[in-house]
Amino acid sequence: METVFRIAMILGGALVAGFMGIIALNIVLVSRLRAHIPQESPSKSWPAADV
Numbered sequence: 001m002e003t004v005f006r007i008a009m010i011l012g013g014a015l016v017a018g019f020m021g022i023i024a025l026n027i028v029l030v031s032r033l034r035a036h037i038p039q040e041s042p043s044k045s046w047p048a049a050d051v
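Each residue of the sequence shown is one higher than the one before, counting from 1 in UniProt numbering.
So this is what it looks like as structure tokens:
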């Protein structure tokens, strides 16, 4: 029974680490996209939004 609990703990830790990694990657990618998009076309988006 101890081996079953150890395997469960390892799999649980791997799943948690995987989800944390995916969330971290999403945060980094979104922050990079938000940082690059306004710098690339500020004059195109703002006048259209104002009009």
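Ideal placement from N, C-alpha and C gives every residue a C-beta, glycine not left out.
Residue i versus residue j - alpha carbon distance
i   : j   : result
N26 : G18 : 12 Å
R6  : I23 : 26 Å
G13 : M20 : 10 Å
I10 : V16 : 10 Å
Own chain residues within Cβ distance below 8 Å of residue i, not counting five before or after
i   : result
H36 : none
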